[in-house]
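To keep things clear, I will list the structure first and then write my remarks on it.
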Amino acid sequence: MKTILVGAGPRSLILAERLISNYEHEATTDSLSIQLIDPYAIGGRVWRIDQNPLFLMNSAIQQLTFFTDEAVAMAGPVHNGPNFYEWVQTEAPAYLAAHADQGTASYFLNHLNDLTLNSYPSRALLNFYANWYYEQLQTRAQAAGIELTYTQAEVTDIHNDQPPYTVVTNVGDFTADHVVMALGHSSNRPTPEEAQLAAFAAEHNLNYIQAQHPAEADLSTIPADEAVVIRGLGLSFFDYMIQLTIQRGGHFEPTSAGTLRYHASGLEPHIIAGSRSGLPLHAKGINQKTQGTRYRTHFLTEAKLAELTANGQQTVPYATFKALFVAEMEYVYYTNLAKERAWDVTALAAQLVNSTDLNATALEFGFAASDLFDLAKVTHPFGTEDETTTDYETLIERYLAFDVEDAGKGNLDAPLTAAFDLIRDIRDNIRILIEGNGFTNDDRKKFLTEFNALSSLISVGPPRIRIQQMLALIEAGILEAAPAGLKVGITADKFFVSTDNPNYEYIVTNLVEARLGAIDLHRSTNPLEANLRDEGVMTSASYLLSDQSVYSTGALIVDRQTFELITSTGHRMAGLHAYGVPTEKYMWFTTSLPRPYGNDRMLRDADNIARTILTAVEVR
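Right, dumping it as structure tokens:
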């Protein structure tokens, strides 16, 4: 039986391992062939080996793995192996030395000792972990009589409406009984605004860096000392920030106060950074969670969700879900604040767990009104002050300094940071609603817009060091943070940038879109997605709202059990699977890598797909 995995990133590698492990576990008479196809090398596009080694991941190194463990709720056999940190400590030195001529291997070989259990590692280093992992798979596959190969090519189409499928690539066609697509973030057709800005930039010889992977962007055309607007304050922003500062010869120096001071090289531009919210993502707290350490819910429990949904038979108002989620954050916030003050945390926790108004309970317990958890202050920390002030720099410096301080207390102990971090531990509970049709269509839209924005702000941010560096760059006059509501227009021959604060407007010749393309099947320019979309084999999730409008998510629809594509006519494509990033907003939170001993979703999905595929293998 021939299986083709489109993509050679972590998701496909993990699926290949699940195929091998399940095949090894079942005595079979059928053969198994696995072929990975990707235009990029093993490891995939995001983790490419030749990118800037200063580009960091946003997870602590001990919280990353490609291996299954006993905590994964799956039918297939467990195959243990080193997590990323354990690999660095054991296998990496010899592996990097043996591959010293490749990419950044020599750089990492000289910096392995810098990595501690809770360091935030380089994205390029993960590529070496991925390649080592693939070599282990090859050894196992050979021993089991499985053919495992990799072809560097671009898949452009898949023909036939049932197995066997013809997989069309730029180097020839291949036939497969099963195809699994793990495509990651695709490039998109520009929006009308982006197309207009690109055309305007070309006409007037301006620098316009369109939305793309930061590792692939050419910033050499942005001159020193000139102003550049970076639109977007998400994870991509920090990569651009590093490219325009450290990569241009500047450096950060620790101070005796525990802060950073930036020493400029003189080659930096003047960076103006902003977004619609005006807020960078919150810093990840110093990691205090060991393998398997997870927050246990008190309000948004599986039992409560089963009660509210009548075991999946009815929907839950979004407001009810949100109140339960906020209660979880309030619980962590107040118990950690009490711990800081050496109060009776046990007594407080008992009162909070039985409370229907945690803020009122906190007041009764002795907290001041100024102590109260206020979600509005999380999403709009300045109120309306940022819309009128002429000294926004002071507001944002105070905000960033507090974020650094709180994150420094750790993701178990910090009042706010730990409250924010809990969402990473309870995503499966939330998936019960969003993937189990627990919302009405109107509330689904609220979740996918309002809650996703909150989730991104508080839980997927950069390592704390990046916020420290951002603050140091502001203090050095290299970086200027713009107030909320950043919009880009044009003047006669330049970009005109405005904000919600009329005191902050900019006219520039350099503009960077600091974001990846949106996950949107309608706009994808990936030839495989575009062709299957146009043929009706791939279709996206849309929902009819109560006002009779249609909310289109752009998310790829698959069978949630087998991950087989659902066509535009509702037909399930047997043996043609897809999982991961393109399904985001139909599935939920598909973008993170596996955490060890956390019953990780990616590992469960991979095992499920592998076993679905192998049901066609004859067991003797």
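This note's numbering numbers the first residue of the sequence shown as 228 and each following residue consecutively. In this text, a Cβ means the ideal position worked out from N, Cα and C, and glycines have one as well.
Beta carbon of A531 nearer than 8 Å to that of L551: Before going further, note that residue 531 is Lys rather than Ala in the sequence given. Yes, the Cβ-Cβ distance between K531 and L551 is below 8 Å.
Nearest to K721 (by Cα), restricted to the options A429, S413, D265, I513: A429
P419 (DSSP reduced to helix, strand or coil): helix
Simplified DSSP assignment, three categories, for F427: helix
Distance, K229 Cα to R847 Cα: Here the model assigns R847 a pLDDT of 45, short of 50, so the residue's position is not dependable, and the following value carries that caveat. Using only the alpha carbons, I get a separation of about 19 Å.
Secondary structure of R847, DSSP reduced to three states: Low confidence applies to R847: its pLDDT is 45, below 50, so where it sits in the model is not reliable enough to give any reading.
One or two residues paired with D265 in a DSSP bridge: Q379
Beta bridge counterpart(s) of L803 as assigned by DSSP: V406
Candidates V315, S258, T378: closest to V233 by CA position: T378
Beta-carbon gap between A403 and V395 smaller than 8 Å: no
Beta-carbon proximity of F600 to Y560, cut-off 8 Å: yes
Counterpart residues of F479 in DSSP-defined beta bridges: Y489
As assigned by DSSP and simplified to three states, the class of I793: strand
Distance CB(D630)-CB(A641) smaller than 8 Å: no
Boundaries (first-last residue) of the alpha helix (DSSP H) holding N730: N730 -> no alpha helix (DSSP H), and no H or E assigned at all.
Beta-carbon spacing of Y334, P280 below 8 Å: yes
Neighbourhood of R750 by C-beta distance below 6 Å, restricted to the same chain and skipping five residues each side: N415, R416
For F401: DSSP bridge partner residues: V394
Distance, K511 Cα to I692 Cα: 9 Å
Spatial distance of A741 from A371 (CA atoms): 46 Å
Length of the line joining the Cα atoms of N345 and L487: 20 Å
Exposure of D296, with buried meaning 16 or more beta-carbon neighbours within 10 Å: buried
Residues near L643 by beta carbon distance below 7 Å, same chain, minus five either side: Y560, D633
6 Å Cβ shell around T839 - same chain, five flanking residues per side excluded: T789
Beta carbon of Y806 nearer than 8 Å to that of A409: yes
8 Å Cβ cutoff met for A454 and P496: yes
Sequence-distant residues of its chain with Cβ nearer than 7 Å to G539 (five each side left out): G663
Runs of alpha helix (DSSP H) lying entirely within the stretch 552 to 639, each at least 4 residues, in chain order: 572 to 580, 585 to 592, 602 to 606, 619 to 634
Contact check, A218 vs L246, beta carbons under 8 Å: Residue 218 lies beyond the range of the chain shown here (228 to 847); nothing can be said about it.
CB contact flag (V572, T583, <8 Å): no
Bridge-paired residues (DSSP) for F722: I717, V735
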